[in-house]
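J.: One structure coming up, written as structure tokens, with questions to follow.
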Amino acid sequence: MLEIIGKVLYLDKTLVNSDIRAMASKLTQYLDRDPVIFSPKTSADVGIDYLYARRYWTEFNPLPKDSLQILQRKLVNSSLSSAGRSAGLAAKTWIVSQIFGQSKQSMEIKNRLDQEAVIDVQKGMYWKSNVNQYNKISLQSYLVEAYKINNPAKLNQVTQWIYYNKQVNHWYSTWMTVDAIYALLLANNPKDFVIENTVQISINNKKAELSNIVLGEVSKQFDKVDLQTDLDIQVQNHNERTVYGAVVHQYFADLDQIKSSTNALSVQKVYLVERKGQWVESKEAKLGNVSKLGLR
Numbered sequence: 623m624l625e626i627i628g629k630v631l632y633l634d635k636t637l638v639n640s641d642i643r644a645m646a647s648k649l650t651q652y653l654d655r656d657p658v659i660f661s662p663k664t665s666a667d668v669g670i671d672y673l674y675a676r677r678y679w680t681e682f683n684p685l686p687k688d689s690l691q692i693l694q695r696k697l698v699n700s701s702l703s704s705a706g707r708s709a710g711l712a713a714k715t716w717i718v719s720q721i722f723g724q725s726k727q728s729m730e731i732k733n734r735l736d737q738e739a740v741i742d743v744q745k746g747m748y749w750k751s752n753v754n755q756y757n758k759i760s761l762q763s764y765l766v767e768a769y770k771i772n773n774p775a776k777l778n779q780v781t782q783w784i785y786y787n788k789q790v791n792h793w794y795s796t797w798m799t800v801d802a803i804y805a806l807l808l809a810n811n812p813k814d815f816v817i818e819n820t821v822q823i824s825i826n827n828k829k830a831e832l833s834n835i836v837l838g839e840v841s842k843q844f845d846k847v848d849l850q851t852d853l854d855i856q857v858q859n860h861n862e863r864t865v866y867g868a869v870v871h872q873y874f875a876d877l878d879q880i881k882s883s884t885n886a887l888s889v890q891k892v893y894l895v896e897r898k899g900q901w902v903e904s905k906e907a908k909l910g911n912v913s914k915l916g917l918r
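Its first residue numbered 623, the sequence shown is counted upward by one per residue in the numbering used here.
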């Protein structure tokens, strides 16, 4: 709870009222003496998680010096303990080390992340150790926060990977969507929040009028008469980010009239039958089989 409300507070203090702040203050006072967090046997991970959430509230309720010293001792080997973990968790440790005075560990983690970063024109800046994790969007949000503190010049590249995943896939869950939006708001690039789409489409070297649908999405539809001859279509992207679109040839036909096509757009009808938990293409189905019709 401290982390969730703290992130809202970090973005805009006016969004957290006095009652919520008072509740958070009481909670931090209790947790600052919680033996589960400050026990010598407690892992460094627990200390890192607490310091990460606790840092949002130090302005209103400073962490007691003795409690801080206990957790700082747990951070001594943080760069080593985070070396085998995903880049996102290492970034979380980087943030905590930087804020709570562990400059040596902070620099070591920074060097690791800089070396492992992959930079792609479309995908942006990302880390392979995050890609196959179920919470990869949340892990990337830690990296946005870390680079916001330590190297804001790279924020556009780091946040591009979040946009890329939304456009070619999705953000998986409500929790990761919240983390993604938090990261984008934290980066605070004004050009990311402009609704106007500046994509320009030319047809036969003439600028086309586009239809604005919603939230920056634009389209151009052609009537059948316009497609009697070949058209030269050119797309120029003047947006700050890479954007994605498609050219779609759509028509209506009865299902039994759909046949395979040898033109640029190929459509084929296939029958699929479920066998041993998997869909396989088949030309026959037996009574009781689960089947479906697919187009490809």
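Think of the CB as a built atom: it goes at the ideal place given N, C-alpha and C, for glycine as much as any other residue.
What is the C-beta distance between S719 and S689, in whole angstroms, given that I count them as a contact (C-beta under 8 Å)?
T.: Rounded, the Cβ-Cβ distance is 17 Å, inconsistent with contact.
J.: If you draw a straight line from the alpha carbon of T864 to that of G899, how long is it in whole angstroms?
T.: 38 Å
J.: Here's the rule: buried if 16 or more other CB atoms are within 10 angstroms of the residue's CB, otherwise exposed. What is L853?
T.: exposed
J.: When the Cα of D814 is compared with those of T820, K828, E862 and N826, which residue comes out closest?
T.: E862
J.: S751 and E738 look like a contact to me (Cβ under 8 Å); what is the Cβ gap, rounded to whole Å?
T.: 7 Å
J.: Assuming the contact rule is C-beta atoms closer than 8 Å, L693 and W716 should be a hit. Round their C-beta distance to whole Å, please.
T.: In this structure, L693 and W716 do not form a Cβ contact; the two beta carbons are roughly 16 Å apart against a cut-off of 8 Å.
J.: In three-state terms, what does DSSP make of M798?
T.: Helix.
J.: Taking Cβ positions, are I626 and R677 nearer each other than 8 Å?
T.: no
J.: Note the first and the last residue of the continuous beta strand (DSSP E) segment covering K914.
T.: S913 to L917
J.: Please state the DSSP three-state secondary structure of N708.
T.: Checking the displayed sequence, the identity of residue 708 turns out to be Ser instead of Asn. Taken through DSSP and simplified to helix, strand or coil, S708 comes out as coil.
J.: In angstroms with no decimal places, state the Cα-to-Cα distance between K905 and F874.
T.: 25 Å
J.: My assumption, with CB atoms under 8 Å, is that L633 sits in contact with G710. Please give the rounded CB distance.
T.: So it is not a contact: roughly 20 Å between Cβ atoms.
J.: From R695 to F682, what distance separates their C-alpha atoms?
T.: 24 Å
J.: Grouping DSSP H, G and I as helix and E and B as strand, with all else coil, what is Q755?
T.: coil
J.: Can you name, in chain order, every residue of its own chain whose Cβ lies under 7 Å from the Cβ of A830, other than the five neighbours on each side?
T.: I823, S824 and K842
J.: Rounded to whole angstroms, what's the CA-CA distance from M645 to L685? Just pull it up for me.
T.: 16 Å
J.: Please classify S728 as buried or exposed, where buried requires at least 16 neighbouring CB atoms within 10 angstroms.
T.: buried
J.: Can you tell me where the alpha helix (DSSP H) with V780 in it begins and where it stops?
T.: According to the DSSP assignment, V780 belongs to the alpha helix (DSSP H) that extends over L777 to V790.
J.: Quick one: what does DSSP say E730 is sitting in, helix, strand or coil?
T.: helix
J.: Straight-line CA distance for R897 to A907?
T.: The straight-line gap from Cα to Cα measures roughly 11 Å.
J.: DSSP on G838, reduced to helix/strand/coil?
T.: G838: coil per DSSP, three-state reduction.
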